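Right, one structure below, let's go through it.
Protein chains: 4
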Amino acid sequence: MPLEYTMKKGSKAAEPDTNGIPSDTAPRADARRKYDPEQTKRNILDVATQEFSAMGLTGARVDAIAERTNTTKRMLYYYFGSKEGLYQAVLEKVYGDIRALEQDLHISELDPVEGMRALVEFTFDYHDRQRDFVRLVTIENIHGAKYVEQVKTFKGRNVTVIHTIEDLLRRGIEAGQFRDDLDPIDLHLMISSLCFHRVGNRHTFGTAFGRDPSHPRLRARHRAMIVDAVLRFVRKED
Amino acid sequence: MPLEYTMKKGSKAAEPDTNGIPSDTAPRADARRKYDPEQTKRNILDVATQEFSAMGLTGARVDAIAERTNTTKRMLYYYFGSKEGLYQAVLEKVYGDIRALEQDLHISELDPVEGMRALVEFTFDYHDRQRDFVRLVTIENIHGAKYVEQVKTFKGRNVTVIHTIEDLLRRGIEAGQFRDDLDPIDLHLMISSLCFHRVGNRHTFGTAFGRDPSHPRLRARHRAMIVDAVLRFVRKED
Amino acid sequence: MPLEYTMKKGSKAAEPDTNGIPSDTAPRADARRKYDPEQTKRNILDVATQEFSAMGLTGARVDAIAERTNTTKRMLYYYFGSKEGLYQAVLEKVYGDIRALEQDLHISELDPVEGMRALVEFTFDYHDRQRDFVRLVTIENIHGAKYVEQVKTFKGRNVTVIHTIEDLLRRGIEAGQFRDDLDPIDLHLMISSLCFHRVGNRHTFGTAFGRDPSHPRLRARHRAMIVDAVLRFVRKED
Amino acid sequence: MPLEYTMKKGSKAAEPDTNGIPSDTAPRADARRKYDPEQTKRNILDVATQEFSAMGLTGARVDAIAERTNTTKRMLYYYFGSKEGLYQAVLEKVYGDIRALEQDLHISELDPVEGMRALVEFTFDYHDRQRDFVRLVTIENIHGAKYVEQVKTFKGRNVTVIHTIEDLLRRGIEAGQFRDDLDPIDLHLMISSLCFHRVGNRHTFGTAFGRDPSHPRLRARHRAMIVDAVLRFVRKED
DNA sequence: CATGAATGAGTATTCATTCAT
DNA sequence: AATGAATGAATACTCATTCAT
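Protein chains in written order, with my numbering: chain A, 1 to 238; chain B, 1001 to 1238; chain C, 2001 to 2238; chain D, 3001 to 3238.
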């Protein structure tokens, strides 16, 4: 029976969650012009991502966001129109990232089993690291996805994963490695479930079972477990 | 509440989401006493469950809850002290149910494989039906589980599943049916993930892929898929 | 050639205009209960009438209204829902008054000529005294009457004048005193025009011609002139 | 103006009210130089006239004006100094027109009765067509005429009508056609009242009585009615 | 002459909660 | 036990105006 990684009480953030990734928000000393709309927008967007992710759409305070920004509240409205507009911009940015990175894996060049493994590992790592993304998706679901629905780029961006999976399945079937009765969207849902839940619901899980699933020591085990589960699921049985 | 001259601008809850289960909130004409504290409390609690589940803790409005109640706002404070107090009461009520039902399955009396199947199917069905529960867990995680932590009955109630799984694994290993390198808490996490995600994140999933995972037609397929995935995962390979 | 009543410069109000009518807003020392919703509402409504009339809908400040009230801004929203709701309530009140008073004249009991004279004189006096009413109508027209349209009682209240005029015309024609080619609504428009314009546009008129048409010394002359004009207009010529 | 993520909520002017007269605002493709200060000014002024007339001084938005302009907000301040300065420029332009046109009638060359008829008809037509003028006068009165007072050309321009009327009255009295107890300014007020009110207050009048006084079908009738009323009023009775 | 970016002081509105009855 | 009235502190958003280029 494996080790138990018990949680340090009080370590769970209700407050911001930096993900360990250095914020690129602070103005760089060199190229610092007085008028730099792109930087201003990016700055606002970065702060907003953290704030919305930490507090939710209704919980987040426009004033709080503005205060942590290099500019004023007024600029926030100047560029994003409203709290909801800013929230939508955050959603768009954040969803854009994961799909872009997925594309960089060049999975179509790998052998089906290795490709599947790479896809699952990438999905795992991304969710494990980008907690903001996970929280924002969660938040958006509480709002019935009504904001993301208005983001024009949203639907188009997501089909790419499905194509990747379709391609993997097809090649795997041809190679006699994968079963032929699987639906790519269902499979994507399965992979997402396994990678998302342990991050998104780690707090209640932690309190319920005294074990924080996002603990570094557990990460490797979970990663392996999930890859294993998916591969066993897709593999053709003889 | 006199708002005689206002033009109402789409107030009300974002999505009532009744789960198809008839609300037991409306007072039945017969057994209706003038003052029934228990019924009043239950009434408030039911409405609050819907409202918190639909809007989140910060999103829910005390006024909105009170309005849909048979009593007034004052009573809400009288019985539950504060918005947060009411929210905690809701959490307590909702978490109580699932674990109690799990016990009724008498899984220990079943053959390991059948027991595992029964457990997964129960978990699936429960999440599929109790959307409010799923939403509330989600919401609670956004708040870092800090409210559920104060619910005294919470921790105790959850260990029972782990015991059930431990028992299943032990018996399955003994019978040569299950592999022996699995951690029961990890396995529980896996089952939860698969059952929870498709409900909790069905909105973004639906908009992203044009397919609502909670659609009745998909339910049976997902159910079978998840059972299959878990059994393949725990099964001992030769 | 008659006297010129020149204007005192600087006497024209951009600020409130009490109309010389004592405000019934101050709480009476005797019957002053702590909780008196009716008085609270009336108080808010009175102050709002002055403020909207003096500043217009967009020009009026909710804070300014609240400040001159015995209660707080919050109560204003409690009872009237919004700035616009309050504005609508003011319109309703103010329009209600003129029509109610018109009814009190019992014009149907008078001889047609005397009735017509009475109606015109009443209309004149009302506009001359109730400058708030005149201003509010003006303001509402700048907004394309879109607020008054939503006041349910509005249309019903106004037909009464038309009935009064119809009755007068019919009786006057029968008595051979009035011409028979007049439309009652047109006639009402004419009377209104004559009584309204000299009050509503007295400021530009004053600056343009150096004579304030609302000056007390001019009032009697205008009153007589208007009655004269109307009677000459309706009278049957032989 | 970047408002990319906002959901537009019915901004724009309440009612464009073009009077059926084609706006001369759009730059014509041909004679279009790169920098034409006069055209820029005129363009701003035209847009501002519409906006102030539609929304009032407080209701109009500098941003809204600038947006409908061919230039930017900055230019507006460059040429007119402030919102109020622009408003005054609009007033000056608009008041200038009516008096100039009156002069073109050459009323002094007509027989008194015909002259009076011509004056009334002109006044009627002008108000009927120049709704912007009517609205702006109305707006200015809400502000106690304090802006028009500062328009230097204003007073001088208005005396001319009075002279016209004085002349008409004098000649009419001499010819035994007009009564001799009339004050020219009062008479001007009367004519204005009759022509102004039906345009300025047509919205409330319309909703109150279900009849739009500015409807083309009514125009001719009203025109005749008003001429008739004025002539009956000034005519000497035997 | 022309412009996009930036701003501080307001401005309407909302929210959880408590008081007086 | 129950209630309508009342409230202060926030909260999202707007507006006329100016700066840097």
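All C-beta atoms, glycine included, are put in the ideal place defined by N, C-alpha and C. Everything numeric in this text was worked out from a predicted model, so none of it was measured.
C-alpha gap between residue i and residue j, whole angstroms
i	j	result
R2219/C	F2124/C	9 Å
D2030/C	A2175/C	Bear in mind that a pLDDT of 37 at D2030/C, under 50, signals an unreliable position, so the model cannot answer this.
D97/A	R131/A	13 Å
R135/A	I191/A	17 Å
T1207/B	E84/A	18 Å
P37/A	N201/A	37 Å
L3057/D	T3153/D	21 Å
R1211/B	D1238/B	38 Å
I1139/B	E2067/C	40 Å
Q1150/B	Q1088/B	8 Å
K155/A	R223/A	28 Å
Y2077/C	V2062/C	10 Å
P1027/B	N1043/B	Because P1027/B carries a pLDDT of 44, less than 50, the predicted location of this residue cannot be relied on, and no value is offered for it.
A2229/C	L3086/D	40 Å
N3141/D	T2072/C	31 Å
R99/A	S108/A	15 Å
V2120/C	D3181/D	21 Å
K2041/C	S2082/C	14 Å
G2112/C	D3046/D	Note that residue 2112/C corresponds to Pro in the displayed sequence, not to Gly. Straight-line Cα distance between these residues: approximately 50 Å.
R221/A	R1074/B	51 Å
L101/A	G1144/B	28 Å
F1133/B	N1070/B	23 Å
M1116/B	Y1095/B	22 Å
Residue i, buried or exposed, once every other Cβ within 10 Å from all chains shown has been counted against 16
i	result
H1215/B	exposed
T3049/D	buried
Y147/A	buried
Y2035/C	exposed
H1106/B	exposed
G1172/B	buried
L3168/D	buried
D1128/B	buried
A1060/B	buried
E2051/C	buried
E114/A	exposed
R217/A	exposed
R179/A	exposed
The alpha helix (DSSP H) enclosing residue i, as first and last residue numbers
i	result
L169/A	153-174
F3124/D	3112-3129
I3185/D	3184-3200
S1053/B	1037-1055
L1065/B	It is Ile, not Leu, that sits at residue 1065/B in the sequence shown. I1065/B -> alpha helix (DSSP H) spans 1062-1067.
As assigned by DSSP and simplified to three states, the class of residue i
i	result
R3179/D	coil
R235/A	strand
R211/A	strand
R99/A	helix
T1138/B	helix
R2074/C	helix
A2089/C	helix
L2105/C	coil
T1204/B	helix
A145/A	coil
Distance cut-off 7 Å: residue i Cβ against heavy atoms of the ligand PLP
i	result
L45/A	The ligand PLP is absent from the structure shown, which contains no ligands of any kind.
Quick check: the stretch 162-173 of chain A against the stretch 183-203 of chain A, are there 3 or more CB pairs under 8 Å? yes
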